[in-house]
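> So for the sequence shown, the working numbering puts the first residue at 6; every next one is plus one.
Could you have a look at this structure, given as structure tokens, before my questions?
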Amino acid sequence: MSPDVPLLNDYKQDFFLKRFPQTILGGPRLKLGYCAPPYIYINQIILFLMPWIWGGIGTLLYQLGILKDYYTAALSGGLMLFTAFVIQCTSLYARNKSVPVERILTTDILAEEDEHEFTSCAGAETVRFLIPAKKYTANTVFHSVLAGLVCGLGTWYLLPNRMTLLCGRAGGTALFIFGWVTLCIGEYSLIVNTATETATFQTQDTYEITPLMRPLYIFFFISVDLAHRFTVNIPALEQVNQILHILFIFLPFLWALGTLPPPDALSLWAMEQVLEFGLGGSSMSTHLRLLIMFIVSAATAVTSYFIPSTIGVVLFMTGLGFLLSLNLSDMGFAFKHSVTSHRTGTKSKSLSLRSDSKKQFTWKECLFYITMLVLALLETGLLHHFADFSQISKSSSQAIIGYILMILLIILWILREIQSVYIFGIFRNPFYPKDVQTVTVFLEKQTNLVKMGVVRRILLTLVSPFAMLAFLSLDSSLQGLHSVSVSIGFTRAFRMVWQNTENALLEIVIVSAVQLVISSADIWWNRNLDTGIRLLLVGIMRDRLIQFTSKLQFAMTVLLASWTEKKRRKTTTTLCILNIVFSPFVLVFIVFSTLLSSPLLPLFTLPVFLVGFPRPIQSWPGTVGTAASVCADTVYYYQMVPRLTAALQTAMTAGSLGLLLPGSHYLGRFQDRLIWIMILEHGYTYCCINIKGLELQETSCHAAEAQRVDEVFEGAFQQEYTKICSLNEHFGNVLTPCTVLPVRLYSDARNVLSGIIDSHENLKEFKGDLVKVLVWMLIQYCSKRPRLQENVPKTENKGQEPLIILPALNTLPHPKTPEDTDSLSSETFDDWTDDNIFDESSIRKGKVEKDLLKDFPSMNLPLPGSVESQREGDHSTGTIRENSLFKTVLLCYPAADKGQQEDKAFVPLVEFTCSHSHLLSLPEEWTSVCMPNSKMKELCSLFPEDWYQFVLRQLKYIHSEEKAADTVEEIAKDKVLKDFYTHTVMTCYVSLFGIDNMIPSPGHILRVYSGVLPWSIALDWLTEKPELFQLALKAFRYTLKLMIDKASLGPIEDFKELTNFLEEYESDWYIGLVSDEKWKEAILQEKPYLFSLGYDTNMGVYTGRVLTLQDLLIQVGKLNAEAVRGQWANLSWELLYATNDDEERYSIQAHPLLLRNLTVQAADPPLGYPIYSSKPLHIHLY
């Protein structure tokens, strides 16, 4: 990208300058970009001021003492309701009225899209422009009623006496004036024209939720004022009301900056925050799960308030806290699947075994959970019933358990940190294996870490929860009368013990330590707060502190990235200086963003920081895993993900990936594959993740960032460190290496075949090898293909051989006219040359040589191998015995008997010399004639009879024959069967190489490998037999692979070694094209090896691609979650609001510190474009 390219192109700049004022004012379009009549602007101003006019009338009557305040509100609201209905009815009338509009032709298409032609002040086109109609009739009514309520209550909210009472005379006047501006903005967006909001969450506003955004915030401010009016004097509420009245006039700026979320994002965000910090739960993987869990968790807290017994409350909180922390939906699905499988049965042994193992696993899991639940209930019940609830002191039981928890926290922290390659992301872990490049070496060096991981998991899963339950059960707050704080605080605490054990342990240790230090002090912490609320506050502070640290690190990274940016040096340097000068204000933005748990938005990824609107932890509105930019490379991620999930289970269980917090992001790297992992949900012994696969075809930006990712991982895993604790050289990067995962997947190797495929000697041997591979392929096919029962009829009369009924031959063939013969020789065919290896349709007219056609027998004959007979003199059917299997052979045998009549064809019946030859006979349609006898005689010399005999004798079995060896020996001596194979093999040979017996060129090899055969006299014959065509093509590809292996490994010594090569190709290889569907099937079936031939047009060389399935190491690192959320927030603003979809825009350019391009790719479609996105994957952590 050139340094002179602006952040927005010229058209987008004009578009943004028109849209942003409209957003600030709530919808009026006062900057159109073209000349419009004055009444367009006058009408918009009048519509904008309508709420102020009706509110002003009511306010005046109130000030004059004519009406009381609530009557004033009713009058203003009624007038606004009537006005809103009139406006909406006018809009509907204009939409239904068809008015032809004459457009002005213009060469600027982009400008033409925005221009309108107005005919009059109240014309239909004018009304449609000023007041776009609602999509749904219900919204027309609902929005009108809502507009009346907003205007009425707003008038009451902004009465001058009320403003003066709260903020004094001077402040009240300012609040009254600017407050009505805010109210008019909200009303205009509701009933006239809705502005595009900078806080856009959904890509499409299907249900017209956006118009409700601003009125809902106005209602919130008014509701606080109403609560203050009708409640007893509460000082705190009065102060809040005063603050909100001041903030009310700043609402337009908050709307314009996109700080306040739209209703849908606000509801999801609020449920997540309350569920996590108020009820002890976790963010959920789907919106439906979030809603259900929120309702159930809230019901649990409310129910605990009404339980009369303290021990009942403790048992209820313990039991429900444990159950809600489990993955109940997944367990229920597995149990239902097991029951269904048990009822319906299984169709195969493999399915049965799989179902049984699944069922046993589920029952073991259920037994474990039931045991844990019973033990937890027994512990909390007994401790709460018998323990002494004295105030906490250094010698009390609760204090002793607090000391134990401190020791547990330190041990778990140490065991977790030594599992990762870096401690605190800064210091190299001396216990982590060094210079790890192979799976075997890594597993050997990791033995001790695995043992420590097992110890950590036992302490975390079994020991820590019961220790924390003991601490909570002994708390004196549970002995007092019920209160809302106890119900909320301890419901959360008892659930956090299981839902997020590590965080709960940290919170309890902090509360216990603070309590021991200040136990005797008379401060609000001891006087007004019980233990449950203390834990809740500590939990919020812990989360916000982590967010603040991540956001501050992200801001510093953006500053550093901008300072080192070469493309926009002048602009970014100025911005960096301004950030340093106004650093206190930048810190205020970071703190405000942290308090709201909203992303810190770097505008255009420059150091211009805004507070993004709060949104769910997933950042996107859609369901996870429902959309991806699927392409041919997606299949590699499909194969990888199940095995990667198993490897992630081991790493998460050991603690190698650090704290598993919802919203955490990880990046995996292997060769050209980039895997994006996001944690969606976390609970007791389970974690839910989403895995995305990024594109393999690397662009320049993608490649630049992928190279930096490789450098970061190489510095962590593939370098020898002389110091005990070396520093992380890439600490400033948003990516911090964690560990490597051994995963069974495909490695991709691409080789240049120059010197092999273009070698004259190799190509010469290729032709002979092809014949051998064809022989082997056909014999293997015929030995395995199923036989029809009617081919060998069973005897009905003992002692007699059954008779085979032979159909009559066609006795009168149609004689060929000279025109028919000439037509064969004069047909034109597509010439197939080596001039362009990619041109399948190059055409050259030519004649077929007559000497190749004159040897064709001029009679219609039955298919070779058909069991047919014709009696002379009549057309009756003849019979023969089963041991006399006659076949018609049209190879070197005469087609007609000279002694017979000239108009009849006499076909000699040839008998197999071996009665078992039919077990290896070719399908009848494959033995039909297409080659002239002279050409066939010439080709017969190329048939490798010794190889044919060897392959036959290598057959291990012939169906169910008892004396297989003797049978094979007899079949090998059958000359008739050999002639059949000779005819079919050599015909395929001609089809693949053409008529000319010349050494093929590399271009010829590539074309035939790709399935583009040269024209030959046998081409149609082969293409009409799809199964044989596929076998011939498969043999050709095997021969090519054989040629490459011979060039690499040396010549083949004997037939046995050649057979081993072919058997290996058949069992372990897929040799074909990357574009084939069977290539994808082979990957999903996990064939050990795949090979494909290609041609690099840029380098002008032939290439070979080999995929090898093996255990390899995937390097995984943790991303700064706030850096990801911030860049995704900017992406949403830039594309959905500024519509800056330029493929070369600044914010998508590669940067090695921020990984901008990769982060944009990993966003959910349509804004991002991952080629693979998994459904929520549940991982069991035990």
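Heads up, the beta-carbon is just placed ideally off N, CA and C, and yes, glycines get one too.
#1: In whole angstroms, what is the alpha-carbon distance linking proline 1031 and leucine 1089?
#2: Let's see if you can read the secondary structure: which residues bound the alpha helix (DSSP H) around isoleucine 300?
#3: Starting from isoleucine 1111, follow the beta strand (DSSP E) in both directions and report where the run begins and ends.
#4: Per DSSP, phenylalanine 614 is paired with what?
#5: Whole angstroms are fine: how far does the CA of asparagine 695 sit from the CA of valine 489?
#6: For the candidate residues Pro1005, Lys940, Met645, whose alpha-carbon lies nearest to that of glutamine 1115?
#7: Can you grab the Cα-Cα spacing for the pair valine 519 / glutamine 403, in whole Å?
#8: To the nearest angstrom, report how far apart lysine 859 and valine 934 are at their CA atoms.
#9: Please classify cysteine 706 as buried or exposed, where buried requires at least 16 neighbouring CB atoms within 10 angstroms.
#10: Excluding the five sequence neighbours on either side, which residues of its own chain have a C-beta within less than 8 Å of the C-beta of threonine 599, listed in chain order?
#11: What is the C-beta distance between serine 624 and arginine 1130, in whole angstroms, given that I count them as a contact (C-beta under 8 Å)?
#12: Quick check: the stretch 451-469 against the stretch 419-438, are there 3 or more CB pairs under 8 Å?
#13: Here's the rule I'm using: 16 or more other beta-carbon atoms within 10 Å means buried, otherwise exposed. How should tyrosine 641 be labelled?
#14: Please state if the CB of histidine 250 and the CB of leucine 296 are separated by a distance shorter than 7 Å.
#15: So, at 6 Å on beta carbons, what are the nonlocal neighbours of aspartate 230 in its own chain, with the 5 sequence-adjacent residues on each side left out?
#16: Between the stretch 1164-1172 and the stretch 44-61, can you find at least three pairs of beta-carbon atoms closer than 8 Å?
#17: Indicate the three-state DSSP secondary structure (helix, strand or coil) for asparagine 1135 in the structure shown.
#18: For a quick check, are the C-beta atoms of alanine 152 and leucine 195 less than 7 Å apart?
#19: Does DSSP put alanine 754 in a helix, a strand or coil?
#20: How far does the beta strand (DSSP E) with isoleucine 62 in it extend, from its first residue to its last?
#21: Terminal residues of the continuous beta strand (DSSP E) containing methionine 683?
#22: Drop a sphere of 10 angstroms on the beta-carbon of tyrosine 212, count the other beta-carbons inside from all chains shown, and report buried for 16 or more, exposed for fewer.
#23: In the DSSP assignment, the beta strand (DSSP E) including serine 1097 goes from what residue to what residue?
#24: CB-CB under 8 Å to glutamine 594, same chain, minus the five flanking residues each way: which ones, in chain order?
#25: Applying the criterion that 16 or more other CB atoms from any shown protein chain within 10 Å of the CB defines a buried residue, is methionine 561 buried or exposed?
#26: Between leucine 1112 and threonine 704, what straight-line distance do the alpha-carbon atoms span, to the nearest angstrom?
#27: Among Arg678, Ser1097, Glu1068, which has the Cα closest to the Cα of leucine 1078?
#28: If the criterion is Cβ atoms closer than 7 Å, does the pair valine 1121 and leucine 746 meet it?
#29: Which residues in the same chain have their Cβ closer than 7 Å to the Cβ of tryptophan 952, if we skip the five residues on either side of it in sequence?
#30: For phenylalanine 1188 and isoleucine 29, what's the separation of their Cα atoms in angstroms?
#31: So, for leucine 982: in the same chain, excluding its five sequence neighbours on each side, which residues have a beta-carbon less than 6 Å away from its beta-carbon?
#32: CB serine 81 to CB glycine 63, shorter than 7 Å?
#33: Considering Cα atoms alone, identify which of Lys789, Val596, Trp568 is closest to leucine 583.
#34: Alanine 1040: which of Asp715, Ile784, Ile528 sits nearest, CA to CA?
#35: So, for threonine 160: in the same chain, excluding its five sequence neighbours on each side, which residues have a beta-carbon less than 7 Å away from its beta-carbon?
#36: Should the stretch 130-143 be regarded as contacting the stretch 188-205, the criterion being three or more beta carbon pairs within less than 8 Å?
Looking at the coordinates:
#1: 25 Å
#2: 292-311
#3: Strictly speaking, residue 1111 in this sequence is valine, with isoleucine absent from that position. Note, valine 1111: beta strand (DSSP E), 1106-1124.
#4: Pro607
#5: 37 Å
#6: Met645
#7: 13 Å
#8: Low confidence applies here, because lysine 859 scores a pLDDT of 38, under 50, leaving its location unreliable and the question unanswered by this model.
#9: buried
#10: Arg549, Gln552, Phe553, Lys556
#11: 6 Å
#12: yes
#13: buried
#14: no
#15: Tyr162, Asn246
#16: no
#17: helix
#18: yes
#19: strand
#20: That residue, isoleucine 62, is in no beta strand (DSSP E); its alpha helix (DSSP H) goes 43-68.
#21: 678-688
#22: exposed
#23: 1094-1101
#24: A small fix is needed here, since residue 594 is phenylalanine in this sequence, not glutamine. The answer, listed in chain order, is Leu605, Phe614, Leu615, Val616.
#25: exposed
#26: 22 Å
#27: Ser1097
#28: yes
#29: Lys777, Val780, Phe1060
#30: Absent from the model: residue 1188. The displayed extent of the chain is 6 to 1187, so no value can be given.
#31: Ser922
#32: yes
#33: Trp568
#34: Ile784
#35: Gly60, Gly63, Thr64, Thr77, Ala78, Ser81
#36: yes
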